[in-house]
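Here is the structure we will look at, set down as structure tokens.
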């Protein structure tokens, strides 16, 4: 009965299960996540160009 009440390794099992679920979700939504991140970085790149076009003439004065 002591084996059934021993919960020393339960934290390790919980962490492994959480990691497995997290990795599974990443693999399931990989295409969506990739598209989302590409859109964000493209928006940042486009906005950087427009900001630099405004700032650079002021710096060159």
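In the numbering used here, the protein residues as written are 1 to 61.
Here a beta-carbon is modelled for each residue, glycine too, at the ideal position from N, C-alpha and C.
Residue i and residue j closer than 8 Å at C-beta
i          : j          : result
residue 33 : residue 23 : no
Beta-carbon contacts of residue i that lie in its chain and below 7 Å, excluding the five residues immediately before and after
i          : result
residue 35 : none
Beta-carbon contacts of residue i that lie in its chain and below 8 Å, excluding the five residues immediately before and after
i          : result
residue 21 : none
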